[in-house]
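Residue numbers (our numbering): 327 to 562.
In C-alpha cells:
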C-alpha cells in the first residue's frame, strides 16, 4: 500500500542537523532528496514546518519574559524563514513548490487558501505551510493536524531525530523500547511527547493516522509512504 497524499511535519530542529541553531545546508539537501524520492511515486506532498531552530515561542516566553503572544508570533515568522529555505532547496532539487502562510506577508509568500493548496497538490507541486495556524498558543504540531485534515491527506508523518516513539528517552535509557503501534489514547495518557495533546486529540477525533519516524534515516520516508514497517504508527 502506498499513501497517495501525505502531510510531512518537520520540526525546525530537524533543519539544524548537529548544529546549535540555524539551517544546515547539507541536512536540508538530504531532506529534499528524500522528498524527491517520494514524489517519484506520484505521491502528493504537503509540509508543515516548525521554527525552533531559529526561535521557539513557548520556551522564550518563559525564560526571557517575552509576552507569550508576542513570542508565538516571533516563532511563526521563524517558520516562514524555514519555509523559504526549504522552498529554495526544493527548487534546486528540480521540483516545484509553493509556500502558503497563515500570516499574510504578500510580498514574500502566498496567504493560505485551501482551494489553491489543494490544486497545487493535484498539479504535483510540493506545498509548504508556514506560520502554524496563524494563532498564538497553538503549536506547529497542531497546525500539521489541522492542515492534514483540511488537505484530506491519508496520513500525517512526523519526521524527527529518532526512529519512532519509545517508552523512554533512548539517549538516556538503554532499555527503552520502540513501539511499533500505539493508540492516540495511549500516547496521550502515557505522555509520550509524540505531539502536543491538542494535535493528538484532533487526529484521534477525526481518525487521521500518524507515523513518527526518523527523517535522517536514509530511505525511511519512502519506506513509510510505501507502508513498510518503519517508525511508530499511531491511530484511533
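Glycine residues also receive a C-beta, built at the ideal position from the N, C-alpha and C atoms.
Distance, residue j Cα to residue i Cα
| i | j | result |
| --- | --- | --- |
| residue 551 | residue 396 | 37 Å |
| residue 511 | residue 498 | 25 Å |
| residue 372 | residue 535 | 15 Å |
| residue 500 | residue 494 | 9 Å |
| residue 330 | residue 545 | 17 Å |
| residue 429 | residue 471 | 18 Å |
| residue 468 | residue 519 | 13 Å |
| residue 449 | residue 477 | 14 Å |
| residue 427 | residue 461 | 12 Å |
| residue 445 | residue 423 | 12 Å |
| residue 398 | residue 459 | 11 Å |
| residue 516 | residue 491 | 11 Å |
| residue 374 | residue 489 | 19 Å |
| residue 562 | residue 455 | 25 Å |
| residue 368 | residue 431 | 31 Å |
| residue 359 | residue 419 | 7 Å |
| residue 393 | residue 344 | 30 Å |
| residue 366 | residue 417 | 15 Å |
Boundaries of the alpha helix (DSSP H) in which residue i is found, first to last residue
| i | result |
| --- | --- |
| residue 534 | Where residue 534 is concerned, there is no enclosing alpha helix (DSSP H), given that its DSSP letter is neither H nor E. |
| residue 413 | 394-418 |
| residue 334 | Residue 334 -> not in any alpha helix (DSSP H); beta strand (DSSP E) instead, spanning 331-336. |
| residue 575 | This structure leaves residue 575 out entirely; the chain is present only between 327 and 562. |
| residue 546 | 546-551 |
Spatial neighbours of residue i in its chain, beta-carbon cut-off 6 Å, leaving aside the 5 residues before and after
| i | result |
| --- | --- |
| residue 363 | 548 |
| residue 521 | 467 |
| residue 465 | 522 |
| residue 438 | 426 and 428 |
| residue 370 | 331 and 447 |
| residue 411 | 349 |
| residue 524 | 468 |
| residue 443 | 426 and 453 |
For residue j and residue i, believed in contact at Cβ under 8 Å, the rounded distance
| i | j | result |
| --- | --- | --- |
| residue 421 | residue 452 | 6 Å |
| residue 425 | residue 404 | At roughly 14 Å, the Cβ-Cβ gap does not stay under 8 Å, so residue 425 and residue 404 are not in contact. |
| residue 334 | residue 485 | 6 Å |
| residue 487 | residue 540 | 7 Å |
| residue 377 | residue 441 | Not quite, the Cβ-Cβ distance comes to about 26 Å (not below 8 Å), so this is no contact. |
Cβ shell of residue i (< 7 Å), same chain only, five flanking positions each side left out
| i | result |
| --- | --- |
| residue 480 | 329, 330, 331 and 332 |
| residue 355 | 415 |
| residue 529 | 471, 482, 510 and 536 |
| residue 566 | This structure cannot speak to residue 566, because the chain is shown only from 327 to 562. |
| residue 413 | 423, 425 and 454 |
Other residues of its chain near residue i: CB distance less than 8 Å, five sequence neighbours each side excluded
| i | result |
| --- | --- |
| residue 342 | 348, 349, 350, 353 and 379 |
| residue 527 | 510 and 514 |
Closest Cα partner of residue i within the set the options
| i | options | result |
| --- | --- | --- |
| residue 436 | 418, 457, 417 and 419 | 457 |
| residue 475 | 401, 533, 413 and 515 | 533 |
| residue 463 | 346, 401 and 406 | 401 |
| residue 340 | 508, 413, 542 and 473 | 542 |
| residue 357 | 524, 554 and 336 | 336 |
| residue 554 | 524, 394, 506 and 525 | 506 |
| residue 381 | 433, 407, 360 and 365 | 407 |
| residue 560 | 365, 508, 473 and 524 | 508 |
Residue i, enclosing beta strand (DSSP E) - first and last residue
| i | result |
| --- | --- |
| residue 463 | Note, residue 463: premise wrong, no beta strand (DSSP E); not H, not E. |
| residue 423 | 423-427 |
| residue 484 | 481-486 |
| residue 455 | 452-456 |
| residue 561 | 558-561 |
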